[in-house]
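Participant: Sequential numbering from 3 applies to the first sequence in the numbering used here.
Idealized CB from N, CA, C, for every residue including glycine.
Please see the structure below; I have some questions.
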Amino acid sequence: MKLGNLVGERFKERPSDCVIDSHALMVRGAYIKFVASGIYSSFAPLKRIFHKIEAIVREEMDKIDGQEVSLPVVLPASLWEASGRCASVGQELVRFADRNKAPYLLGMTHEEAAVQLVRESALSYTAYPFMIYQIQTKFRDEARPRAGLIRVREFTMKDAYSFHTSQKDLDRFYGKCYQAYQKIYERVGLPEVIAVASGAGIMGGDISHEFMLLSAAGEDSIVICQSCQYKANMEVAENIVENQKDELSYPLTQVYTPDVQTIDDLCSFFETTPDRLCKAVAYRKESDQGIVVLLLRGDYEVNEAKLKSKLGCEIRPAEIDDKSGLAAGYIGPYQLNASSDVFFDRSLENTCNLICGANKANYHYSGLDISRDIGDIGYIDVAKAVDGGICPGCGSHLLSVSRGIELGNIFQLGTKYTRSMGMTYLDENGQQQYPIMGCYGIGIGRLAACICEARHDAFGPIWPMAIAPWQVHLCAVRADNIEVKTLADRIYSELTNRSIEVIYDDRKVSAGVMFSDADLLGVPLRVIISPRNIKENKCEVVSRDKTLSLKIDMDQCVETVIGYVRNGK
RNA sequence: CGAGGUGUAGCGCAGUUGGCUAGCGCGCCUGCUUUGGGAGCAGGAUGUCGGGGGUUCAAGUCCCUUCACCUCGACCA
3 MKLGNLVGER FKERPSDCVI DSHALMVRGA YIKFVASGIY SSFAPLKRIF
53 HKIEAIVREE MDKIDGQEVS LPVVLPASLW EASGRCASVG QELVRFADRN
103 KAPYLLGMTH EEAAVQLVRE SALSYTAYPF MIYQIQTKFR DEARPRAGLI
153 RVREFTMKDA YSFHTSQKDL DRFYGKCYQA YQKIYERVGL PEVIAVASGA
203 GIMGGDISHE FMLLSAAGED SIVICQSCQY KANMEVAENI VENQKDELSY
253 PLTQVYTPDV QTIDDLCSFF ETTPDRLCKA VAYRKESDQG IVVLLLRGDY
303 EVNEAKLKSK LGCEIRPAEI DDKSGLAAGY IGPYQLNASS DVFFDRSLEN
353 TCNLICGANK ANYHYSGLDI SRDIGDIGYI DVAKAVDGGI CPGCGSHLLS
403 VSRGIELGNI FQLGTKYTRS MGMTYLDENG QQQYPIMGCY GIGIGRLAAC
453 ICEARHDAFG PIWPMAIAPW QVHLCAVRAD NIEVKTLADR IYSELTNRSI
503 EVIYDDRKVS AGVMFSDADL LGVPLRVIIS PRNIKENKCE VVSRDKTLSL
553 KIDMDQCVET VIGYVRNGK
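Pasting the structure below:
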């Protein structure tokens with residue numbers, strides 16, 4: 003198509019509310035148009051990118067025997083009541099009533115709808131296994147959309163659901179899907195995406211992986227071992243601490259510490275380091291409003307995700323008042339008010355001579371030896387893994403913590419949904435069984451944004467050939483020159499006739515404008531027809547990533563370009 | 001939900017202790033000149049100053065209220 007007809011205004015100034023580059027470039031290049039917080043319309047270039055990504059996703063899903071289906075966006079609330087999620091999921095689920103006041107909701111994930119679709123169609127074990135998938139709009143009323151297309155409320159997602167008659171078969175398929183995902187990220191131009199072990203979140207289930215692009219703009223923390231294959235989301239990363247007890251355990255001694263509350267203050271007061279402190283953090287459980295006190299070594303942070311899953315309920319930081327019986331800033335394990343649940347983190351195992359709060363204002367203890375002073379207690383793992391920490395996989399001290407953007411996930415769901423929704427089949431022995439499920443998601447828009455985030459320069463995105471909105475950007479520099487125009491028109495129609503996707507710029511604008519717009523559109527191959535080139539009977543073929551720049555004879559132009567396109571240049 | 005910030009033309013912004021017809025750059029339209037990295041000159045169009053209420057002779061500016069958006073946190077497949 004001709005660039006002059008492409009609707010959408012490109013401009014050079016960076017929009018003030020864009021924090022990350024992919025967002026700024028997508029606005030500047032007229033890929034997206036803001037509609038409301040976390041809600042965008044897409045212009046043609048982005049829609050074309052979506053089509054290509056979706057085509058790749060479809061191919062890879064079909065290769066592992068996926069069947070594309072379509073599930074509704076609007077679902078009756080009763081479907082989610084059956085699984086229990088109507089109650090368990092919070093405000094991100096949009097609920098509304100139809101004209102008859104019947105409750106409905108907007109699908110944010112489709113396990114229930116998937117089970118509902120196939121429930122009566124797979125009554126015999128011979129129907130298994132199978133996988134259904136769809137590519138569809140989801141709506142999640144996120145508390146805080148951000149970063150352009152990275153975190154939005156309305157988005158397109160490929161979601162897939164597989165059904166199996168044994169854990170072994172689910173394991174097998176899970177592995178195939180894992181590989182299919184890696185293939186997808188490779189094909190769309192992000193081979194550096196890694197898989198990390200993750201938590202279940204609202205999906206429920208056991209084993210799960212997230213596919214992550216390491217990026218400073220990421221919202222997740224990822225723990226990676228530099229020496230083995232261990233990779234995990236911070237939410238589930240095990241934290242291992244190996245302490246050596248001092249030879250001498252000093253007696254527990256109360257010390258007057260006026261107005262010394264923070265870790266920093268304590269360290270300077272006692273002239274010591276945070277690892278010699280026993281820190282206390284208090285939470286309130288949402289389930290019964292009970293207080294939980296967590297004790298951990300002063301140089302570690304609480305991993306609230308791990309704590310939540312240990313407690314099995316939501317938590318929030320406890321506001322410490324008089325009623326709680328806790329002395330804010332001076333909480334310690336020794337003679338702690340017994341009305342709280344108390345947990346000791348692993349980081350305190352095998353320690354002595356610690357400093358801790360004395361449970362009364364302005365006093366601390368020194369010389370704490372937990373096994374001597376508190377007794378024989380169990381330790382749990384609720385601290386955040388740290389840079390340089392011990393790897394649970396290989397035991398090296400080579401853990402590093404990075405930021406990452408989640409580009410997809412795969413879950414083993416077990417029978418949570420089939421059981422709650424009464425989906426059964428008869429096995430070889432005529433026994434009624436619940437199928438075991440897996441589910442697999444990829445956000446299409448977020449993937450496009452991440453490709454832009456990972457593949458751009460100061461002037462615009464550098465789209466990989468496989469997903470670029472067009473394959474070739476044809477520039478007729480000085481289109482007012484009849485010779486240029488005639489030649490460029492001819493090249494355009496020849497390339498188009500050979501099924502090459504060409505965006506053709508024959509506007510009567512200066513070269514600067516033309517090239518800047520081309521940079522913003524990020525098309526991988528650029529062909530330049532200009533009076534200067536025509537004089538030598540040449541045309542120019544350059545790549546957006548600047549790795550290729552050649553002048554070739556005009557009559558070889560079409561073949562050369564087609565060659566590069568086919569090679570995925 | 002907590003804390004902070006911003007709303008003035010399509011975009012980026014200025015607008016002082018309230019004061020005349022609300023400006024600048026980019027973009028847009030017309031004409032002429034230019035033409036290999038966002039051209040020059042001349043002319044032109046475009047504003048409920050986020051909304052509502054108030055104070056005042058007078059409000060973009062002060063007060064109250066409300067909405068939207070952004071950032072950090074909380075939350076989150």
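As a quick exercise: from 319, 254 and 361, pick the residue whose alpha carbon is nearest that of residue 291.
Facilitator: Stepping through the first sequence from its first residue, residue 291 is reached at position 289. Of the candidates 319, 254 and 361, the one whose C-alpha sits nearest the C-alpha of residue 291 is 319.
Participant: For residue 293, which three-state DSSP category applies?
Facilitator: Numbered from its first residue, the first sequence carries residue 293 at position 291. Of the three classes helix, strand and coil, the one that applies to residue 293 here is strand, per DSSP.
Participant: Using the beta-carbon count (16 or more within 10 Å), is residue 92 buried or exposed?
Facilitator: Within the first sequence, numbered from 1, the residue matching residue 92 stands at position 90. Flag for residue 92 reads exposed.
Participant: Using a Cβ-Cβ cutoff of less than 7 Å, which residues in the same chain neighbour residue 483 once the five nearest sequence positions on both sides are dropped?
Facilitator: Counting from 1 along the first sequence, the entry for residue 483 is found at position 481. 533.
Participant: Measure the alpha-carbon distance for residue 281 versus residue 265 and round it to whole angstroms.
Facilitator: In the first sequence, residue 281 corresponds to position 279, counting from 1. In the first sequence, residue 265 corresponds to position 263, counting from 1. Going from the Cα of residue 281 to the Cα of residue 265 covers about 8 Å.
Participant: Which residues mark the beginning and the end of the beta strand (DSSP E) in which residue 507 is found?
Facilitator: By 1-based counting over the first sequence, the position of residue 507 is 505. 504–507 is the extent of the beta strand (DSSP E) around residue 507.
Participant: Under the three-state reduction of DSSP, which class applies to residue 386: helix, strand or coil?
Facilitator: Counted from its first residue, the first sequence places residue 386 at position 384. Reduced to three states, the DSSP call for residue 386 is coil.
Participant: With DSSP run on the structure shown, which of helix, strand or coil describes residue 167?
Facilitator: Sequence index remark: in the first sequence, residue 167 carries index 165 (1-based). Three-state DSSP puts residue 167 in coil, outside helix and strand.
Participant: Please report how far the alpha carbon of residue 413 lies from the alpha carbon of residue 438, in whole angstroms.
Facilitator: Translated into positions along the first sequence, residue 413 becomes position 411. Translated into positions along the first sequence, residue 438 becomes position 436. For residue 413 and residue 438, the distance between alpha carbons rounds to 11 Å.
Participant: In chain order, what residues of the same chain have a beta carbon less than 7 Å from the beta carbon of residue 37, not counting five sequence neighbours either side?
Facilitator: Sequence index remark: in the first sequence, residue 37 carries index 35 (1-based). Correct list, in chain order: 43.
Participant: With DSSP as the reference, please indicate the residues paired to residue 140 in a beta bridge.
Facilitator: To locate residue 140, count along the first sequence from 1; it is residue 138. Its beta-bridge partners are 157.
Participant: Would you say residue 198 and residue 212 are within 9 Å of each other, going by their C-beta atoms?
Facilitator: One-based indexing of the first sequence puts residue 198 at position 196. One-based indexing of the first sequence puts residue 212 at position 210. Yes, these two residues count as a Cβ contact at 9 Å.
Participant: Can you check whether the CB of residue 428 is closer than 9 Å to the CB of residue 135?
Facilitator: On the first sequence, position 133 is the one that residue 135 refers to. On the first sequence, position 426 is the one that residue 428 refers to. It is not a contact, given that the beta carbons lie outside the stated cut-off.
Participant: Residue 462 and residue 31 look like a contact to me (Cβ under 8 Å); what is the Cβ gap, rounded to whole Å?
Facilitator: Here residue 462 is taken as the residue at index 460 of the first sequence, counted from 1. Here residue 31 is taken as the residue at index 29 of the first sequence, counted from 1. Confirmed, Cβ separation roughly 6 Å.
Participant: Compute the Euclidean distance between the alpha carbons of residue 274 and residue 15, then round it to the nearest angstrom.
Facilitator: As a first step, residue 274 is located in the first sequence; it is residue number 272 there, counting from the start. As a first step, residue 15 is located in the first sequence; it is residue number 13 there, counting from the start. So the two alpha carbons sit approximately 51 Å from each other.
Participant: Measuring only the C-alpha atoms, how far is residue 106 from residue 78?
Facilitator: Along the first sequence, one-based indexing puts residue 106 at 104. Along the first sequence, one-based indexing puts residue 78 at 76. If you take the alpha carbons of residue 106 and residue 78, they lie about 4 Å apart.
Participant: Can you give me the Cβ contacts of residue 481 inside the same chain, cut-off strictly under 6 Å, excluding the 5 residues immediately before and after it?
Facilitator: By 1-based counting over the first sequence, the position of residue 481 is 479. So the list reads 487, 508 and 510, once near-sequence residues are dropped.
Participant: Is residue 526 buried or exposed, if buried means 16 or more other CB atoms sit within 10 Å of its CB?
Facilitator: Residue 526 sits at position 524 when you count from the first residue of the first sequence. Burial call: buried.
Participant: Residue 342 lies in the beta strand (DSSP E); which residues open and close that run?
Facilitator: On the first sequence, position 340 is the one that residue 342 refers to. No beta strand (DSSP E) contains residue 342, which DSSP labels as neither H nor E.
Participant: Three or more C-beta pairs under 8 Å: does that hold for the stretch 373–390 against the stretch 332–352?
Facilitator: Short answer: they touch.
Participant: Looking at the unbroken alpha helix (DSSP H) that takes in residue 284, where does it start and where does it end?
Facilitator: Locating residue 284 in the first sequence gives position 282, counting from the first residue. Looking at the DSSP string, residue 284 is not in any alpha helix (DSSP H); the run it does join, the beta strand (DSSP E), is 279–287.
Participant: So, residue 139 versus residue 59, is the Cβ gap smaller than 9 Å?
Facilitator: Residue 139 sits at position 137 when you count from the first residue of the first sequence. Residue 59 sits at position 57 when you count from the first residue of the first sequence. Result no, Cβ atoms of residue 139 and residue 59 do not sit closer than 9 Å.
Participant: Is the beta carbon of residue 165 sitting closer than 9 Å to the one on residue 187?
Facilitator: If you number the first sequence from 1, residue 165 lands on position 163. If you number the first sequence from 1, residue 187 lands on position 185. Taking 9 Å as the Cβ cut-off, residue 165 and residue 187 do not qualify as a contacting pair.
Participant: Could you check what DSSP says for residue 467 in three-state terms: helix, strand or coil?
Facilitator: If you number the first sequence from 1, residue 467 lands on position 465. If DSSP states are grouped into helix, strand and coil, residue 467 belongs with coil.
Participant: Helix, strand or coil: which one does DSSP assign to residue 2?
Facilitator: Any property of residue 2 remains undetermined from this structure, which presents the chain solely from 3 to 571.
Participant: For residue 125, is the classification buried or exposed, using 16 other Cβ atoms within 10 angstroms of its Cβ as the cut-off for buried?
Facilitator: Position 123 of the first sequence, counted from the start, is the residue given in the question as residue 125. Counting Cβ neighbours within 10 Å, residue 125 comes out exposed, since fewer than 16 surround it.
Participant: Rounded to whole angstroms, what is the Cα-Cα separation between residue 10 and residue 47?
Facilitator: By one-based count along the first sequence, residue 10 stands at place 8. By one-based count along the first sequence, residue 47 stands at place 45. Distance between the alpha carbons of residue 10 and residue 47 is about 10 Å.
Participant: Assuming residue 115 contacts residue 81 under a Cβ cut-off of 8 Å, what Cβ separation, rounded to an integer in Å, is found between them?
Facilitator: By 1-based counting over the first sequence, the position of residue 115 is 113. By 1-based counting over the first sequence, the position of residue 81 is 79. With a Cβ gap of about 7 Å, residue 115 and residue 81 count as contacting.
Participant: Specify, as a first and last residue, the run of the beta strand (DSSP E) that residue 214 falls within.
Facilitator: Translated into the one-based positions of the first sequence, residue 214 becomes position 212. 210–216 is the extent of the beta strand (DSSP E) around residue 214.
Participant: Give me, in chain order, the residues of the same chain whose beta-carbon lies closer than 7 Å to that of residue 271; leave out the 5 immediate sequence neighbours on both sides.
Facilitator: Residue mapping note: residue 271 aligns to position 269 of the first sequence, counting from 1. These residues qualify, in order along the chain: 259 and 262.
Participant: Report the start-end ranges of each beta strand (DSSP E) in the stretch 406–457 that is 3 residues or longer and not cut off at the edges.
Facilitator: Listed in chain order, the complete beta strand (DSSP E) runs (minimum 3 residues) inside the stretch 406–457 are 438–445.
Participant: Could you check whether the stretch 17–27 touches the stretch 148–162, counting it as contact only if at least three pairs of C-beta atoms, one from each stretch, sit closer than 8 Å?
Facilitator: The answer is yes - the stretch 148–162 touches the stretch 17–27, with three or more Cβ pairs under 8 Å.
Participant: Suppose the cutoff is 6 Å on Cβ atoms and the five residues either side in sequence are ignored; what does the same chain contact list for residue 205 look like?
Facilitator: The residue labelled residue 205 in the question sits at position 203 within the first sequence. Unreliable positioning characterises residue 205 in this predicted model, as indicated by a pLDDT of 45, which lies under 50. The coordinate reading is nonetheless provided below. Same-chain partners within the cutoff: 413.
Participant: Compute the distance between the beta-carbons of residue 576 and residue 296, then report whether it is under 9 Å.
Facilitator: The chain is shown only over 3 to 571; residue 576 falls outside these bounds and no answer can be derived.
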